Every structure is written in structure tokens, then in C-alpha cells.
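S.K.:
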Amino acid sequence: MHLLQILFIIDTDILREKAKFFAQQFEVNNFAASNGWINGFKERHSLKQYVKWGEAKSAPLETLDEKRKILREIIKDYDLNDVFNCDETGLYWDLEPSKTLAQGPLSGKKNQKNEDLPVNYYWNSTAWMQVLIWNDYLTKLDRQMRLQGRYILLLVDNALVHIIDENTNLTNVTVHFLLPNTTAHLQPCDAGIINSFKAQYQKLLVRNRIKAYEISQELRKETVPLNIYDAINFSKNAWNSVSQQTIFNCWKHTGILSQDEMDGEIEDDNQVFHDEIHNKMEI
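Just so you know, the sequence shown maps onto residues 3 to 285 in the working numbering.
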């Protein structure tokens, strides 16, 4: 039980493999660590399954107010239009309701060149942010701000991939790293902006799939699947659909802005989406 005392994450598969290991060490033959044995072991040792909490649970709550004050001091030197926050998120871009993931090219469409895309598109086998991608993004952002004559503050978490390469020379972008285990409380993107974006994306996806299905029924052909190019355009439109009120309220929610005289409430984009689907089903 030592691993539990040091908060090591244990699941049923780990428990099963370790039980088999000890059975082999003690020369216990025909031991399979069956579900019945696993359930009995958990009952004998009062083990229950829990969902592991993320950073929000491990954040130093007693120091958050002090961290907010520090951020307010940093932000006050900038116009609010020049204060940014960015973060990564995963998106199941072709996950349709009640269906599994689908992959494949969209028939009748040519491959799109990167310069034709409405976003900066990068690809790698892991679909995760990488240091090279991060630095290329910063360089492009810095160039854009330089052309606009703006000096901006960019708030980001301190993930390992957010390392700024020594060859990345930023003149118009100042990057400030949020302290570990505070982003769940202090990062606007985590306060609802990303969720709003995903709700808008899901709305566009469902609308597209309904239309594609209706067309396939008329033409008596299979429904045309999505491709990456569709997902990129959905992403652009979904982001543009996230309201200014939602964004500002998420910033306000973090408490890192000195201005708190905001009126209005965050629009529940998820509720709007579900109401629309409900109405569509009634029709």
C-alpha cells in the first residue's frame, strides 16, 4: 500500500500485472488475476475507483490571491487589447454524434496548400504541440505585431514545449509564464473560452452532417465524410463565433484583471447548441 500513500496512480490493469508478478515470484501456479480476484482484493483493502483531478485540485489555493495581484501589476502596463492568452486543446474534429471516428479523403476536393488555409496549420504524428511549432508560432505572431506597431503581453502555461529557443528573437511579444498548478484558476482559456469554442465547433459539425445526410438521401449515395480541410474551416468559424462577452467574462472570472466593472453574463453556448438540436429534432 506504499504507492497509495505517495499518491501513485493505480488502475485495475496495473494491479492485475503486479499481482501476476508476485504470483510468479512466489511460484503460485495457474494464477490469472481474474476479475473475481481483483474485486475481492479491492474489497479486502477498501479500494475504490476515483477519477483523478487535474491541476485545479493541486493548485495552492492559499496563494492564488497573491498570484493574481502579481499578474494585475504586470497587466496594468498594457492596454487590455494587447493582453493575450493562448493554450492547446484536443479536438475530435470528425467525431459525429453516436458514431465512431471516421477517416478518409473527401471526394471531389483537391488537396489544399497551407497558404490557402485560414489558420496556421502544422502536422506531426503525435498531434501534440512541439517546441519547433511553438517557436514558429511565436515568430509569426511577433512579426504580425511588429507590422501593426503593437507590443503585446502573452500569458501561457509553463509546459515543457513552451520553451523559447535562443534563436527566437521576439521584439514585440513579451511572454509571461503562469506558475505551475495555477492555470486552472488563472488562465482565461481554461475558464470557458475553450469550452465555448468546442461547443461552437460541435454545432457547425452537426449542422454539416445533417445537411450531408439530407443530400445523400436525395442523391441516393453514401454520406460524404469530413476531411481536415473541413475541420480547419469549422475551427475558424467556431472561433469567430465565440462572443466577445464570453471572452471578457472568462478573463474576469480569473480575477487577474484590475477592471471588474463588467456588465452582462457569459452566454451559455452549450445550452444554445442543445436547444437548437432539440428544436431541429422536433421539426
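The beta carbon of each residue, even a glycine, is placed where N, CA and C say it ideally should be. In this text the structure is predicted, and so the values were computed from the model without any measurement.
Classify F236: buried if its beta carbon has 16 or more other beta carbons within 10 angstroms, exposed otherwise.
M.R.: buried
S.K.: Short check: CB of W241 to CB of F199, under 9 Å?
M.R.: yes
S.K.: Taking the alpha-carbon of L162 as reference, which of T173, N137, G151 has the nearest alpha-carbon?
M.R.: N137
S.K.: Would DSSP call F2 helix, strand or coil?
M.R.: Nothing can be reported for residue 2, as the shown portion of the chain is limited to 3 through 285.
S.K.: With distances taken between CB atoms, is the gap from H178 to L143 smaller than 9 Å?
M.R.: With respect to L143, H178 sits apart: the two C-beta atoms are not nearer than 9 Å.
S.K.: Within 10 angstroms of the Cβ of H47, are there 16 or more other Cβ atoms? Answer buried if so, exposed if not.
M.R.: exposed
S.K.: How long is the line joining the alpha carbons of L66 and N210, rounded to whole angstroms?
M.R.: Going by the C-alpha atoms only, they are around 43 Å apart.
S.K.: Does the Cβ of I154 have 16 or more other Cβ atoms within 10 Å, making it buried, or fewer, making it exposed?
M.R.: buried
S.K.: Among residues of its own chain, excluding the 5 on either side of D159, which ones have a beta-carbon nearer than 6 Å to its beta-carbon?
M.R.: L180, T185
S.K.: When you compare only the Cα positions, how much space is there between A35 and F24?
M.R.: 11 Å
S.K.: Excluding the 5 residues preceding and the 5 following I258 in the sequence, name in chain order all residues of the same chain whose CB lies nearer than 7 Å to its CB.
M.R.: Taking I258 as the centre and dropping the five residues before and after it, the same chain places the C-beta of R70, L73, R74, I77, L188 closer than 7 Å to its C-beta, in chain order.
S.K.: Between which two residues does the alpha helix (DSSP H) containing I234 stretch?
M.R.: 230 to 243
S.K.: Would you report the Cα separation of A201 and E64, rounded to the nearest angstrom?
M.R.: In this model, A201 and E64 are separated by some 33 Å (Cα to Cα).
S.K.: What is the rounded straight-line gap between the Cα of T91 and the Cα of N251?
M.R.: 20 Å
S.K.: Output the boundary residues of the beta strand (DSSP E) element that contains N87.
M.R.: 85 to 87
S.K.: Just the Cα atoms here: how many angstroms apart are S243 and Y215?
M.R.: 24 Å
S.K.: Which ranges would you report for the alpha helix (DSSP H) in the region 146 to 210 if only whole runs of at least 4 residues count?
M.R.: 185 to 188
S.K.: What residue range does the alpha helix (DSSP H) around E45 cover?
M.R.: Following the DSSP letters along the chain, one finds E45 inside the alpha helix (DSSP H) bounded by residues 37 to 46.
S.K.: Leaving out five residues before and five after R152 in sequence, what residues of the same chain have Cβ atoms less than 8 Å from its Cβ?
M.R.: D84, N174
S.K.: Decide if K20 is buried, meaning its Cβ has at least 16 other Cβ atoms within 10 Å, or exposed.
M.R.: Result: exposed.
S.K.: Quick check: the Cα distance between Y231 and P120, rounded to an integer number of angstroms?
M.R.: 10 Å
S.K.: Closer than 7 Å by C-beta to I135: which residues in its own chain qualify, once you throw out the five before and the five after it? Chain order, please.
M.R.: Y124
S.K.: Please say whether I195 and I249 have beta carbons closer to each other than 9 Å?
M.R.: yes
S.K.: Have a look at S218 and E224 and give me their C-alpha separation to the nearest angstrom.
M.R.: 6 Å
S.K.: Determine the direct distance from the alpha carbon of A233 to that of P227, and round the result to whole angstroms.
M.R.: Whole-angstrom Cα-Cα distance: 11 Å.
S.K.: Under DSSP, the alpha helix (DSSP H) around T248 begins and ends at which residues?
M.R.: 246 to 256
S.K.: Consider the Cβ of K71: report whether some Cβ of chain B lies at a distance smaller than 9 Å.
M.R.: Structure shown: chain B not included; a single protein chain is present.
S.K.: Is DSSP giving K20 helix, strand or coil here?
M.R.: Three-state result, K20: helix.
S.K.: Near R148, which residues of its chain fall below 8 Å by C-beta distance, leaving aside the five closest residues on each side in sequence?
M.R.: T173, N174
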